[in-house]
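First up is the structure itself, then whatever we jot down about it.
Protein chains in written order, with our numbering: chain A, 11 to 319; chain B, 11 to 319.
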């Protein structure tokens with residue numbers, strides 16, 4: 011194992027223009043760890059309920075995800091999210107959220123988990139994220155995600171997370187809200203001034219932006235026509251990113267860029283089917299080929315000509 | 011002259027969080043032709059009113075834009091647009107539109123104008139765009155822009171324009187509306203099936219996408235913190251694009267990509283000040299440097315490692 015993922019384990023009920031699916035495998039930790047598992051040996055830490063189906067645990071183990079840290083809490087049901095997407099699938103609409111077991115989630119890491127060099131803390135209560143950080147034994151890189159609920163409700167704890175992690179991931183609406191400016195580059199600079207070492211702004215169909223105090227990098231999203239369910243795309247992005255970093259063990263700028271493209275590649279596959287459907291059949295060759303497509307559609311040559319008219 | 015721009019000449023009254031400016035130089039033809047003039051000798055065809063200030067004509071001529079085709083209609087006032095942007099400057103809100111002289115615009119090209127190899131028809135009534143197309147004498151490339159008003163009101167004429175030009179530019183909302191799908195890659199494919207040879211989707215702060223039947227290219231926008239007024243950004247984009255094509259006279263895919271980056275570069279300068287303010291002082295060295303910045307922040311290396319875990 012060299013990547014630790016801490017996040018939610020869920021059962022989702024999702025409606026999109028392409029159908030409805032009930033109690034399907036979901037949760038930020040699940041999407042991130044399966045995506046990550048294509049690149050690095052991955053351990054998932056999360057809390058399910060006793061109703062969490064064994065076949066889903068088997069699927070995770072089958073993908074090489076260590077589920078030693080996936081606890082099924084007796085007497086509790088699994089976290090459930092129910093939502094729908096309209097024809098413009100950029101915006102999720104929540105119908106119902108039942109925290110269930112997740113409300114009691116208080117991750118206690120094993121000796122092996124504490125020593126993992128690469129860590130991704132998916133969207134969780136920032137106070138829980140801080141408790142995870144306290145348990146880590148000199149990791150090489152820790153990344154964290156969050157959501158609007160914590161930006162509004164636990165700002166101080168979240169600011170502490172931002173200062174302590176190496177890479178903060180947010181979507182564009184969240185960073186605008188958090189830094190109180192609609193201008194994303196300005197919001198990213200403010201977050202760096204607040205103490206973030208690096209910021210990744212996830213923009214869904216518009217790709218993602220990376221900012222630190224010295225560098226800026228823009229990666230587009232894949233021109234995806236086969237778009238069935240956007241749930242978990244951001245966590246798949248994070249999983250591909252941290253998984254590639256874990257595999258290559260290189261935190262140079264050039265390698266971080268490749269990791270970000272791997273994130274965009276994995277998100278593009280995630281949305282091709284409901285739940286983890288597409289990742290069930292995904293191969294390394296397909297990942298390689300799609301990375302190659304990204305390389306082609308982002309490339310342009312230097313401007314060599316003298317511009318004088 | 012080797013680029014012909016046909017578009018509106020206007021006086022804009024604009025309010026943004028950074029101030030209010032009254033009756034400033036604007037119009038799609040003006041933004042596009044000044045942007046284009048940094049790359050190619052440019053001729054502007056458009057109709058102003060008799061109140062159009064001589065200093066604005068002098069500014070255009072000073073930039074090397076031929077204003078032989080800029081007519082000041084006697085007895086008519088210049089086209090006026092008044093609008094405001096809220097703090098999130100992605101969306102323009104119209105307060106007032108007075109077509110004035112523009113309502114009578116019926117461009118009659120001179121012999122020289124008809125023979126220009128590169129042509130951009132900015133947003134205009136598609137019936138007028140068709141009349142311009144009828145007058146052109148075997149141009150190498152014609153690009154056209156449009157807006158929601160014509161998509162709703164003159165769909166048939168607009169479809170005819172789409173079929174006849176080489177490059178159709180629209181913003182993301184417009185192509186979604188025109189092709190009746192929220193999925194941009196799908197909308198672009200539908201537009202190509204409708205007969206478009208190539209489509210550029212302008213996405214403001216999210217950059218632009220190029221589609222034809224064989225290629226896809228994504229260019230981001232510049233991470234712009236110095237953002238004062240977005241008016242005319244799309245036309246500056248088109249001006250930089252057609253201007254670079256006119257200068258290089260190369261319609262190969264690699265060169266079209268460079269032209270699209272030039273478009274994004276010019277749009278990024280346009281928004282730094284009200285009206286054409288920033289383009290007054292802009293130099294070729296600054297354009298070159300910003301292109302170099304784009305090159306840097308879009309680059310990533312090939313994925314060479316074997317991905318097997």
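Heads up, the beta-carbon is just placed ideally off N, CA and C, and yes, glycines get one too.
As the structure is a prediction and not an experimental result, all values here were calculated from the model.
{"query": "Unbroken stretches of the alpha helix (DSSP H), 4 residues or longer, contained in the segment 96-174 of chain B", "result": "121-124, 136-145, 158-163, 165-174"}
{"query": "Chain A contacts from the segment 252-270 of chain B (Cβ-Cβ distance under 9 Å)", "result": "253, 254, 257, 258, 264, 265, 267, 268, 270"}
{"query": "Which residues DSSP lists as bridging residue 226(A), in chain order", "result": "221(A)"}
{"query": "Best match in 162(A), 138(A), 183(A) for proximity to residue 171(A) [C-alpha to C-alpha]", "result": "138(A)"}
{"query": "Among 66(A), 185(A), 103(A), the one whose alpha carbon lies nearest that of residue 41(A)", "result": "66(A)"}
{"query": "Reduced DSSP secondary structure (H/G/I, E/B, other) of residue 301(B)", "result": "helix"}
{"query": "Buried/exposed call for residue 133(B), threshold 16 Cβ in 10 Å", "result": "buried"}
{"query": "Cβ-Cβ distance between residue 135(A) and residue 91(A) below 8 Å", "result": "no"}
{"query": "Cutoff 8 Å; reference residue 32(A); Cβ partners in own chain excluding five residues on either side", "result": "23"}
{"query": "Beta-carbon neighbours of residue 312(B), restricted to chain A and to distances below 9 Å", "result": "268, 301, 302, 305"}
{"query": "Meets three-Cβ-pair contact criterion under 8 Å: the segment 109-129 of chain A and the segment 140-154 of chain A", "result": "yes"}
{"query": "Segment contact, 8 Å Cβ cut-off, at least three pairs: the segment 56-65 of chain A with the segment 303-314 of chain A", "result": "no"}
{"query": "The alpha helix (DSSP H) enclosing residue 182(B), as first and last residue numbers", "result": "182-189"}
{"query": "Contacts that residue 318(B) makes with chain A (C-beta to C-beta distance below 8 Å)", "result": "294"}
{"query": "Closer than 8 Å to chain B by CB, residue 127(A)", "result": "no"}
{"query": "Residue 38(B) (DSSP reduced to helix, strand or coil)", "result": "helix"}
{"query": "Interfacial residues, the segment 220-242 of chain A to chain B, with Cβ spacing under 7 Å", "result": "226, 227, 228, 230, 233, 234, 235, 237"}
{"query": "Residue range of the unbroken beta strand (DSSP E) whose run includes residue 82(B)", "result": "75-83"}
{"query": "Residue 298(A) versus residue 317(B) - alpha carbon distance", "result": "8 Å"}
{"query": "Option in 45(A), 62(A), 75(A) with minimal Cα separation from residue 11(A)", "result": "75(A)"}
{"query": "Nearest-angstrom Cα separation, counted from residue 281(A) out to residue 256(B)", "result": "40 Å"}
{"query": "Closest residue to residue 221(B) among 235(B), 215(B), 199(B), 233(B) (Cα-Cα distance)", "result": "199(B)"}
{"query": "Contact belief for residue 176(B) with residue 197(B) at Cβ below 8 Å, rounded distance in angstroms", "result": "Actually they do not touch by this definition, with Cβ atoms about 19 Å apart."}
{"query": "Sheet register partners of residue 94(B) (DSSP bridge)", "result": "25(B), 103(B)"}
{"query": "Selected residue, minimal CA-CA separation from residue 277(B), among 77(B), 156(B), 217(B)", "result": "217(B)"}
{"query": "Cutoff 8 Å: residue 47(B) Cβ touching any chain A Cβ", "result": "yes"}
{"query": "Euclidean distance between Cα positions of residue 87(B) and residue 110(B)", "result": "5 Å"}
{"query": "Interface residues of chain B facing residue 216(A) [CB-CB closer than 8 Å]", "result": "213, 216, 217"}
{"query": "Residue 99(A) to residue 34(A) span [Cα, whole Å]", "result": "19 Å"}
{"query": "Between the CA atoms of residue 17(B) and residue 160(B) - distance to the nearest angstrom", "result": "15 Å"}
{"query": "8 Å Cβ cutoff, residue 117(A) in contact with chain B", "result": "no"}
{"query": "Range covered by the beta strand (DSSP E) that runs through residue 54(B)", "result": "52-59"}
{"query": "Neighbouring residues, chain B, relative to residue 97(A) (Cβ below 7 Å)", "result": "192"}
{"query": "Cutoff 8 Å; reference residue 119(B); Cβ partners in own chain excluding five residues on either side", "result": "14, 55, 79, 142, 145, 146"}
{"query": "Helix, strand or coil at residue 33(A) [DSSP, three-state]", "result": "strand"}
{"query": "Element boundaries [beta strand (DSSP E), containing residue 14(A)]", "result": "13-16"}
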